[in-house]
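Trainee: Residue numbers (UniProt numbering): 1 to 711.
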Ligand code: IVH
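(1) Name the two residues that bound the continuous beta strand (DSSP E) containing residue 139.
(2) Just the C-alpha distance for residue 557 and residue 477, rounded to the nearest angstrom, thanks.
(3) Report all residues from its chain with a CB closer than 6 Å to the CB of residue 119; omit the five preceding and five following residues, and keep chain order.
(4) Along the chain, where does the alpha helix (DSSP H) that runs through residue 608 open and close?
(5) From the DSSP secondary-structure annotation, give me the bridge partner or partners of residue 372.
(6) Can you grab the Cα-Cα spacing for the pair residue 89 / residue 568, in whole Å?
(7) What three-state label does DSSP hand residue 419 in the structure shown?
(8) State buried or exposed for residue 391, treating a residue as buried only when at least 16 other CB atoms are found within 10 Å of its CB.
(9) Look up residue 332 in the DSSP assignment and say whether it is helix, strand or coil.
(10) Give the secondary structure of residue 261 by DSSP, where H, G and I count as helix, E and B as strand, and everything else as coil.
(11) Taking 6 Å as the cut-off, does the CB of residue 313 come closer than this to any heavy atom belonging to the ligand NAP?
(12) Does the separation of the CB atoms of residue 197 and residue 281 fall below 7 Å?
(13) Is residue 347 near residue 368, with beta carbons less than 7 Å apart?
(14) To test your reading of the DSSP string, which unbroken alpha helix (DSSP H) runs of 4 or more residues are found completely within the region 637-682?
(15) Can you tell me whether DSSP reads residue 477 as helix, strand or coil?
(16) Closest by CA to residue 654, which one among 66, 170, 232 and 128?
(17) If distances are taken between C-alpha atoms only, which option among 482, 203, 273 and 410 comes closest to residue 307?
(18) Taking the Cβ atom as the reference point for each residue, do residue 456 and residue 541 lie within a distance shorter than 7 Å?
(19) For the putative contact between residue 273 and residue 188, defined by C-beta atoms under 8 Å, what is the C-beta separation to the nearest angstrom?
(20) CB residue 460 to CB residue 543, shorter than 7 Å?
(21) Helix or strand or just coil, what does DSSP make of residue 183?
(22) Express the C-alpha separation of residue 267 and residue 248 in angstroms, rounding to a whole number.
(23) Just the Cα atoms here: how many angstroms apart are residue 529 and residue 623?
(24) Give me the Cα-Cα distance between residue 537 and residue 531, rounded to the nearest whole angstrom.
(25) Who are the near neighbours of residue 560 in its chain, counting only those whose CB is closer than 7 Å to its CB and skipping five residues on each side?
(26) Could you check if residue 692 is buried or exposed, using at least 16 other CB atoms within 10 Å of its CB as the buried criterion?
(27) Is residue 143 near the ligand IVH, going by C-beta to nearest heavy atom under 6 Å?
(28) Less than 6 Å between the CB of residue 692 and some heavy atom of the ligand IVH, yes or no?
(29) Below 8 Å on the Cβ atoms is my guess for residue 479 versus residue 523; work out the distance and round it to an integer in Å.
(30) In angstroms with no decimal places, state the Cα-to-Cα distance between residue 26 and residue 378.
(31) Do the region 318-328 and the region 426-436 touch if we need at least three Cβ pairs shorter than 8 Å?
(32) With a 10 Å radius around its C-beta and 16 neighbouring C-beta atoms as the bar for buried, classify residue 2 as buried or exposed.
(33) Could you check which residue in 621, 618, 450 and 570 has the C-alpha nearest to that of residue 600?
(34) Just to confirm the assignment, what range does the alpha helix (DSSP H) spanning residue 543 have?
(35) What three-state label does DSSP hand residue 348 in the structure shown?
Here's what the structure looks like:
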C-alpha cells in the first residue's frame with residue numbers, strides 16, 4: 001500500500017512528458033482522484049481504527065494535498081463523499097457499537113531468543129513454586145498475523161463478534177463476522193455452558209491474498225501491503241457485502257471457562273463444536289520449546305503454513321495453573337510469544353534528521369532508500385542516540401543493514417564498511433532543538449540528548465497532547481495527531497487542560513477546514529464523555545517519563561486519591577534528599593523504583609507542571625482508586641504488609657500478587673506503617689523488628705487460609 005506515493009510522483013513526472021500530455025487530462029484526473037480516494041480511505045481505517053498507520057503523516061498529507069489540488073482544478077470531478085470532505089473516519093468510529101468482553105483480552109510478552117524464552121518459562125515455574133521436578137506442559141501454536149476476534153455464543157448460538165479494541169471492550173463487527181464461513185452461527189452438538197467467549201484470529205490465506213492483489217492490480221486498484229492490513233481493512237467495512245467478498249478465515253486459540261482442565265482439551269472441545277483450530281505441539285521442557293520453535297520456523301521458511309505467522313505462542317496447558325499465574329497489567333504470566341527473527345535488508349542512508357519525542361528526548365532518524373522488509377516498505381529507521389551513531393560510525397551515503405523485528409520500529413543494524421563511498425558524510429549532532437530552537441542538554445552519564453523546554457516546545461506538546469488523548473489515557477476519539485496540530489496552529493489549545501475549554505470555542509472549530517457541525521459535535525461530545533477518569537489513567541495521562549500504565553496503577557493504589565498524590569508529590573519535590581520520608585515511602589512501594597520516584601519528584605518540581613495538574617483537577621473529575629472487585633472482608637484489605645522468611649506453599653511473587661488482589665499494599669521493609677508481617681520459615685531480622693515495633697505477625701498457614709479465598 002505504501003508504494004502509492006512513488007506512484008503519484010511517477011504520475012506527476014509522467015505528466016511532464018510529451019506522450020502523456022497527449023492524454024485527455026480530465027480522464028486522467030478522474031482516474032487519479034478515484035485512486036487517491038481509495039487510498040486515503042484505507043489509510044484512514046488503519047490510522048483511526050487500528051492505530052497502525054502504514055505510511056508517515058507527511059506521505060498521508062501528500063495524498064490529501066494532491067486530491068485537494070486535483071479537485072480544485074477539476075471541480076466537476078469532486079464527489080460528495082470524497083475523503084477531502086471529511087476528517088478521517090470518525091463516522092465509522094461511531095458506526096461500530098462497543099461490546100464489553102467477558103474477560104479482558106491481553107496482549108502477549110515477547111521473546112526474541114532461546115534465552116528469553118527459557119527465562120520466561122523459568123519465571124513462571126518459580127511463580128508456581130511446584131514440587132521439585134514437576135513437569136510443566138507448554139502448548140505451542142503458530143502466532144497468526146491477523147487480527148484478534150472475540151466471539152460470544154449463548155446456548156451455542158453466535159450472538160456477537162467484537163474486535164480486541166482496548167482489551168476491555170471492542171467494536172461490534174457481528175454483521176461482518178457472520179460473512180466468514182469459518183465462524184459458525186450455531187455450534188455443532190453444543191454441550192457447554194450457557195454463555196461463552198471463543199477467541200481467535202481473523203486472517204487471510206497467503207494464496208488468496210496473492211490472487212486478490214493480482215486481481216486488484218488488473219482493476220487498477222492499489223494492492224494491499226500485507227495480508228494483515230487486508231484482513232483488518234476488510235473486517236471493518238461498513239458494508240458487509242464488501243467483507244463477504246474478501247477471503248477471510250478464522251482460527252480459534254482461546255476460550256472462557258468451558259469446564260475443561262487443560263488448554264488442549266479445551267481446543268478439542270472447540271473443534272468438536274465446529275470451530276477451526278490449528279496444529280499445536282505439546283512441550284514438556286525448555287528443550288522441547290526450542291525444538292518446536294525451530295520446527296515451526298522451518299515450516300514457515302518452506303511456505304508450508306499457508307498463512308502469515310510471525311512467531312509461536314506458548315501457553316501453559318494446565319488451566320488451573322494459568323489461573324494462578326494470572327496477568328500483569330499488560331500481559332498474562334502463563335503465555336508468551338516467541339517471535340521469529342526479523343527480516344533484514346541492505347539499503348542506503350540518504351539523510352539523517354532528528355526528531356523530538358514526547359519527553360523531549362532527541363532521536364536521530366535515518367532516511368533510507370525505500371526497501372521492502374517483511375512485507376512493508378520502510379523509509380525511515382531509528383538510530384537511537386548520538387552514541388549509537390558514533391559506535392556504529394553511521395554516515396550519510398553509507399550502505400547499511402536495516403532490520404525490522406516484527407512490528408517494532410525499524411533500526412539500522414550495522415554499516416557495511418567495505419561498501420563505503422568516499423563521498424559519505426559524518427553526521428553532526430545538533431546543539432539546538434529542531435522544533436523550538438532552545439539549547440539541547442545531555443544528562444551526565446546518559447546517552448539521551450534532551451530539549452527541556454517541555455510544554456513550550458511545539459514538538460513535545462503535540463506528543464504530550466497525543467499521549468493525553470490516547471486510548472489508555474483520556475481516550476478522546478477524534479483528537480488524533482492531525483487535529484492536535486491544527487488546534488495548536490490555530491491557537492485553540494496550548495496545554496492539555498485547554499482541551500476541556502474547547503466547548504467555548506465551538507464556532508472557531510466549525511470554521512476549520514474539514515470540521516463541519518457534525519464533526520465538531522462529535523469531538524466535543526467525546527471530550528465531555530472523557531471528563532470523568534480513574535486515578536490510574538489520570539496519572540498515566542500526564543506522560544511522566546517511566547510512569548507507564550503499571551506504575552500509574554501502583555501509585556493510584558498507594559495514594560488512593562488525586563489530592564493525596566499531588567500533596568505527596570509536591571512535598572517530595574520541595575526536598576531533594578532521597579533519605580527523607582516521602583521519598584523513601586515512595587520507593588518502598590513494590591513496583592516503584594528510585595528512578596520512577598525521581599521522575600515523579602522532578603515532574604512536580606516544575607511549577608508549570610504542578611499548575612497544569614491543579615488546573616486539570618479543577619476541570620475534570622478524577623475518581624478515587626477503589627478496590628471494588630476485591631474481597632474486602634479480608635483482614636488484609638487496605639493494609640500494609642511485609643513478607644519475611646521462606647514461604648512453603650507459594651512463591652514470593654505469587655504471594656505478592658495475591659496480596660494485591662486482597663487489596664493490601666506490599667512493602668519490602670518493616671516500618672511504623674506496617675500492619676502485618678507474614679512470617680515464613682526462618683523469619684530473620686524483619687521478625688525481630690516487627691516484634692520490637694509491635695507489628696502484628698501472621699503465620700503462613702493463616703495467610704494461606706485467607707488467600708485461598710481467591711484461588
Ligand atoms: S493466545 C492470553 N494464540 O497475538 C493469550 N494469540 O500478541 C492470548 N495471536 O492478541 C493470545 N495467534 O491476536 C494466541 N495462536 C495464538 C495466536 C495469538 C495470534 C494474536 C492474538 C493476540 C496477539 C498477541
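Virtual Cβ for every residue (Gly too), placed ideally from N, Cα, C.
Mentor: With the structure as the only source:
(1) 138-144
(2) 27 Å
(3) So the list is empty, once near-sequence residues are dropped.
(4) 607-619
(5) 377
(6) Below a pLDDT of 50, predicted positions are generally treated as unreliable, and residue 89, at 39, falls in that range; the measurement from the model is reported next regardless. Computed Cα separation, rounded: 42 Å.
(7) Under the three-state reduction of DSSP output, residue 419 falls in the helix class.
(8) exposed
(9) strand
(10) coil
(11) No copy of the ligand NAP occurs in the structure displayed; its ligands are the ligand IVH alone.
(12) No, Cβ-Cβ distance for residue 197 and residue 281 is not below 7 Å.
(13) For residue 347 and residue 368, yes; Cβs fall inside 7 Å.
(14) 652-661
(15) coil
(16) 128
(17) 203
(18) No, these two residues do not count as a Cβ contact at 7 Å.
(19) 6 Å
(20) no
(21) coil
(22) 21 Å
(23) 14 Å
(24) 12 Å
(25) 624 and 625
(26) exposed
(27) yes
(28) Every heavy atom of the ligand IVH is 6 Å or more from the Cβ of residue 692, so no.
(29) 7 Å
(30) 33 Å
(31) By the Cβ criterion, the region 318-328 is not in contact with the region 426-436, since fewer than three pairs of Cβ atoms, one from each stretch, lie closer than 8 Å.
(32) Residue placement at residue 2 cannot be trusted, given a pLDDT of 22 that sits under 50; what the coordinates show is reported in the next sentence. Residue 2 is buried by the Cβ-count criterion.
(33) 570
(34) Neither: residue 543 is in no alpha helix (DSSP H) and is coded neither H nor E.
(35) Of the three classes helix, strand and coil, the one that applies to residue 348 here is strand, per DSSP.
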